[in-house]
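Protein chains in written order, with my numbering: chain A, 1 to 350; chain B, 351 to 670.
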Amino acid sequence: MSEVAVVGFAQAPNVRRTPGTTNGVEMLVPVFHRLLADTGLSKQDIGFWCSGSSDYLAGRAFSFIAAVDAIGAFPPIMESHVEMDAAWALYEAWVKIRTGEVDTALVYGFGKSSAGELRRIMAMQMDPYLMTPLWPDSIGVAGLQARLGIDAGLWTERDMAEVAASSRRAALSNPDAQLAGDTTAEELLKQPYLADPLRAHDCAPITDGAAAIILASGDKARDLCDKPAWISGFEHRVDTPLIGARDLTTSPSTIAAAKAAGVDGVQVAELHAPFTHQDILLRQALGLGEEVRVNPSGGVLAGHPMFAAGLIRIGAAAAEIRAGRADRALAHATSGPLLQQNLVCVLEGR
Amino acid sequence: MVTISSEPLSAPLDVGFDYTRSLGPVLGRFATGLRAHTIAGIRGSDGRVLVPPTEYDPVTAEKLTEFVDVGTEGVVQTWSWIAQPLAGQPLSHPFAWALVKLDGADTALLHAVDAGSPDRMSTGMRVRVRWAAEPVGSIRDIECFEPLDVEPTEREAGSGDPVTMLTTPIHLTYQHTASPEESRYLRGLAEGRLLGQRCPACNKVYIPPRGSCPTDGVPTEDEIELPDHGVVTTFCVVNVPFLGQRIKPPYVAAYILLEGADIPFLHLVLGCAADEVRMGMRVRAQWRPREQWGTTLENIDHFRPTGEPDAPYESYAQHL
Numbered sequence: 001m002s003e004v005a006v007v008g009f010a011q012a013p014n015v016r017r018t019p020g021t022t023n024g025v026e027m028l029v030p031v032f033h034r035l036l037a038d039t040g041l042s043k044q045d046i047g048f049w050c051s052g053s054s055d056y057l058a059g060r061a062f063s064f065i066a067a068v069d070a071i072g073a074f075p076p077i078m079e080s081h082v083e084m085d086a087a088w089a090l091y092e093a094w095v096k097i098r099t100g101e102v103d104t105a106l107v108y109g110f111g112k113s114s115a116g117e118l119r120r121i122m123a124m125q126m127d128p129y130l131m132t133p134l135w136p137d138s139i140g141v142a143g144l145q146a147r148l149g150i151d152a153g154l155w156t157e158r159d160m161a162e163v164a165a166s167s168r169r170a171a172l173s174n175p176d177a178q179l180a181g182d183t184t185a186e187e188l189l190k191q192p193y194l195a196d197p198l199r200a201h202d203c204a205p206i207t208d209g210a211a212a213i214i215l216a217s218g219d220k221a222r223d224l225c226d227k228p229a230w231i232s233g234f235e236h237r238v239d240t241p242l243i244g245a246r247d248l249t250t251s252p253s254t255i256a257a258a259k260a261a262g263v264d265g266v267q268v269a270e271l272h273a274p275f276t277h278q279d280i281l282l283r284q285a286l287g288l289g290e291e292v293r294v295n296p297s298g299g300v301l302a303g304h305p306m307f308a309a310g311l312i313r314i315g316a317a318a319a320e321i322r323a324g325r326a327d328r329a330l331a332h333a334t335s336g337p338l339l340q341q342n343l344v345c346v347l348e349g350r
Numbered sequence: 351m352v353t354i355s356s357e358p359l360s361a362p363l364d365v366g367f368d369y370t371r372s373l374g375p376v377l378g379r380f381a382t383g384l385r386a387h388t389i390a391g392i393r394g395s396d397g398r399v400l401v402p403p404t405e406y407d408p409v410t411a412e413k414l415t416e417f418v419d420v421g422t423e424g425v426v427q428t429w430s431w432i433a434q435p436l437a438g439q440p441l442s443h444p445f446a447w448a449l450v451k452l453d454g455a456d457t458a459l460l461h462a463v464d465a466g467s468p469d470r471m472s473t474g475m476r477v478r479v480r481w482a483a484e485p486v487g488s489i490r491d492i493e494c495f496e497p498l499d500v501e502p503t504e505r506e507a508g509s510g511d512p513v514t515m516l517t518t519p520i521h522l523t524y525q526h527t528a529s530p531e532e533s534r535y536l537r538g539l540a541e542g543r544l545l546g547q548r549c550p551a552c553n554k555v556y557i558p559p560r561g562s563c564p565t566d567g568v569p570t571e572d573e574i575e576l577p578d579h580g581v582v583t584t585f586c587v588v589n590v591p592f593l594g595q596r597i598k599p600p601y602v603a604a605y606i607l608l609e610g611a612d613i614p615f616l617h618l619v620l621g622c623a624a625d626e627v628r629m630g631m632r633v634r635a636q637w638r639p640r641e642q643w644g645t646t647l648e649n650i651d652h653f654r655p656t657g658e659p660d661a662p663y664e665s666y667a668q669h670l
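Spelled out as structure tokens, the structure:
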């Protein structure tokens with residue numbers, strides 16, 4: 001089967017609010033233009049298009065159709081969509097290339113989280129019989145998981161604040177970051193609780209944003225760039241949606257996906273952890289040692305565009321390979337409440 | 351050229367609908383039990399009692415059938431404090447979300463705890479169900495949990511046929527924003543003008559104008575004012591009544607291609623019998639009285655036949 005590599009990545013700046021349309025499509029147009037210019041490809045060269053976004057963010061049905069205009073869908077193209085983070089759209093595109101159906105694919109994710117009430121909208125992804133009717137807000141529910149880990153001695157509020165401070169420091173070198181700064185855990189711990197035990201810095205900020213990646217196979221990838229980031233392992237797994245029946249202090253699906261993808265020897269990891277405690281939880285689940293650089297981009301605590309954030313982790317990990325800063329990198333993406341679904345992508349420079 | 355404001359039009363958008371779902375044998379039994387003030391769990395393939403009950407084992411996916419009633423008191427496994435409750439949540443004053451493991455259960459239920467203050471919450475604390483005033487057979491028949499030192503509230507259990515359906519009202523609020531192109535188009539309508547835009551790459555004229563041309567993927571730019579007449583490219587006769595319908599069937603919904611445009615839009619064709627409408631029929635806008643105009647295509651009440659000879663098929667064949 002064909003080898004597949006990331007050959008291009010572009011993202012819109014992560015911002016608290018854009019003035020654009022509710023579906024956020026105009027954030028994509030410049031991203032596509034930059035990505036095609038960088039790779040020297042035209043839209044006719046792309047074999048398959050796949051996106052991740054959500055109608056619940058846009059407040060209307062079939063909202064991804066508006067984005068299809070932005071890719072120039074006439075004459076007809078081969079196109080697909082997932083109502084998940086676009087990292088899963090990338091998985092679909094990877095399968096398309098692996099099976100030899102196409103040799104290039106463009107994957108994109110986008111969302112305008114600022115248009116609605118994100119904490120309430122996220123209740124729509126929970127069990128519709130026994131949970132959504134209670135409108136459990138995403139931050140309150142994350143607090144349940146954070147406290148379980150605190151009570152079990154797996155992390156402390158200080159550890160969590162250290163993650164936030166470290167994310168903001170790393171983001172100082174990321175021009176697309178929403179939150180960056182030189183701060184300390186001490187300063188962050190003086191802030192009031194948002195949903196005890198979580199403070200504002202423990203939660204990824206509400207972010208509007210978009211991103212896109214181009215994948216290519218074998219020789220095509222080598223033609224397109226000097227140093228493709230080859231995908232050497234790619235797996236995703238899911239845990240039960242019943243959060244009361246899961247061990248929330250770990251992530252069995254992440255552990256299983258990492259084992260299947262083969263994560264040994266990674267030098268850098270981009271983790272999709274919307275809450276500080278989940279960063280610690282994921283490092284433990286993935287078995288990442290001190291030697292692994294985690295979230296050099298600042299991660300999603302520095303900017304969390306829904307439905308693009310996981311895809312950006314793959315783009316950021318690929319950028320580490322392509323820049324020669326790592327030979328082996330890990331990208332993780334999550335979807336669903338409290339790390340329910342997890343995807344692990346391992347990239348290599350050769 | 352009139353350009354009133356470059357700010358995109360934006361307005362609150364409230365989306366509301368009722369999700370009605372069938373419960374099936376397991377959740378139906380659970381909901382029927384809640385109405386009668388009992389809580390049913392189900393035995394998993396490993397012997398654990400799962401509450402809430404699941405149809406299939408979360409680990410082995412085996413079908414589960416052995417119901418086990420559990421207690422209405424339990425232990426808080428973990429909690430978070432909600433200082434400012436959001437719309438729709440179980441309590442409108444500050445409360446805790448908690449995972450509560452009921453006596454006799456091996457898994458935990460997500461619900462609210464009414465403790466008054468975070469100081470009165472702790473992992474391991476015991477709580478009991480406070481039943482809702484009017485049980486209907488839903489998770490909300492549990493109004494919330496409360497600490498045992500709170501005076502219990504007496505509430506009557508409900509009865510009746512087994513509960514088979516669940517209706518969940520969904521209400522979401524957005525600040526909806528139109529694109530700059532749509533905003534110019536909508537502001538034009540408020541002045542009785544039909545504004546399209548031309549794609550700089552393929553020269554096609556779109557109305558409403560697009561953020562990007564679907565052929566070329568570039569923003570449409572040159573503004574074009576279009577006349578309020580055109581031809582019917584295709585149509586359907588609506589014979590079916592539906593909720594919210596404003597006109598009595600039969601009537602015609604048609605694609606109207608304005609003269610000079612390259613894309614038709616959907617509108618009504620009235621002013622003749624439904625069975626007289628045909629492809630190529632020339633039609634003109636019937637505007638509402640000027641004092642009713644807003645930033646909406648509803649300013650045009652409908653299109654009506656002009657009585658001129660039909661347009662030849664070749665003139666609109668590329669726009670079907």
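Just so it is clear, CB atoms sit at the ideal spot from N, CA and C, and this is done for glycine as well.
Asked, Found
"Residues from the region 453 to 471 of chain B in contact with chain A, defined by Cβ distance under 8 Å", "T457, A458, L459, L460, H461, A462, P468"
"Cβ neighbour criterion (16 or more within 10 Å) applied to G20/A", "buried"
"F367/B to T518/B span [Cα, whole Å]", "8 Å"
"Selection of the region 113 to 130 of chain A by Cβ proximity to chain B, strictly under 7 Å", "A115, G116, E117, R119, R120, I121, P128, Y129, L130"
"Nearest candidate by alpha-carbon position, reference L179/A, set E157/A, P205/A, C50/A", "P205/A"
"Other residues of its chain near V352/B: CB distance less than 6 Å, five sequence neighbours each side excluded", "At V352/B, the pLDDT of 44 sits below 50, so the modelled position is not reliable and the matter cannot be decided from this model."
"Of the residues A433/B, P402/B, S430/B, V409/B, the one placed nearest V420/B, counting alpha carbons only", "P402/B"
"Cα-Cα separation, R671/B to E157/A", "Because chain B spans 351 through 670 in this model, residue 671/B falls outside it and cannot be assessed."
"Own chain residues within Cβ distance below 7 Å of I354/B, not counting five before or after", "Only weak support is given to the placement of I354/B: the predicted model assigns it a pLDDT of 49, under 50, and the value that follows is read from those uncertain coordinates. Around I354/B: R537."
"Chain A residues whose Cβ lies nearer than 8 Å to that of A667/B", "Within chain A, no residue comes near A667/B; the closest Cβ sits about 17 Å away, beyond 8 Å."
"C-alpha distance - D103/A paired with Q284/A, whole-angstrom precision", "36 Å"
"Length-filtered (4 minimum) alpha helix (DSSP H) runs lying within the region 85 to 122 of chain A", "86 to 98, 118 to 121"
"Segment contact flag, the region 236 to 255 of chain A with the region 339 to 349 of chain A, C-beta cutoff 8 Å, min 3 pairs", "yes"
"Sequence-distant residues of its chain with Cβ nearer than 6 Å to H277/A (five each side left out)", "A146, G149, W155, M160"
"Closest Cα partner of L460/B within the set F64/A, S54/A, M131/A, G153/A", "M131/A"
"Contacts around A361/B, its chain only, beta-carbon distance under 7 Å, and the 5 residues preceding and following it disregarded", "H526"
"Burial state of Y524/B (16 or more Cβ within 10 Å)", "buried"
"Those runs of the beta strand (DSSP E) which lie wholly inside the region 4 to 82 of chain A and span at least 3 residues", "4 to 11, 48 to 52, 79 to 82"
"Chain-order list of residues whose beta-carbon lies under 6 Å from that of I321/A (same chain, five-residue window excluded)", "A229, A329, L347, G349"
"Minimum Cβ-Cβ distance from D151/A to chain E less than 8 Å", "Annotation note: the requested chain E is absent from the structure, which comprises protein chains A and B."
"Close beta carbons around I385/A, own chain, < 7 Å, minus the five adjacent residues each side", "A query on residue 385/A cannot be resolved here, the shown segment of chain A reaching from 1 to 350 and no further."
"CB contact flag (A58/A, V31/A, <8 Å)", "no"
"Supposed close pair P241/A, D127/A - CB separation, criterion 8 Å", "5 Å"
"Beta strand (DSSP E) segment containing K259/A, residue limits", "Element bounds for K259/A: not the beta strand (DSSP E) but the alpha helix (DSSP H), 252 to 261."
"Assigned secondary structure, K598/B (DSSP; H/G/I helix, E/B strand, else coil)", "coil"
"Any chain B beta carbon closer than 8 Å to P274/A", "no"
"Nearest to V238/A (by Cα), restricted to the options H387/B, F380/B, P408/B", "P408/B"
"Under 8 Å between C-beta atoms of A73/A and P564/B", "yes"
"Neighbourhood of V587/B by C-beta, 6 Å cutoff - its chain only, sequence neighbours within 5 removed", "P600, V602, A624"
"K451/B: first and last residue of the uninterrupted beta strand (DSSP E) it sits in", "445 to 452"
"Beta-carbon proximity check, A221/A vs A5/A, cutoff 8 Å", "yes"
"8 Å Cβ shell around E83/A - same chain, five flanking residues per side excluded", "G52, S53, S54, D55"
"CA nearest to the CA of T671/B, picked from P133/A, L35/A, D85/A, G244/A", "No answer is possible for residue 671/B: it lies beyond the span of chain B, which begins at 351 and ends at 670."
"Cβ of F32/A within 8 Å of any chain B Cβ", "yes"
"Cβ neighbours of I520/B in the same chain (closer than 8 Å, five flanking residues each side left out)", "V365, G366, F367, D368, Y369"
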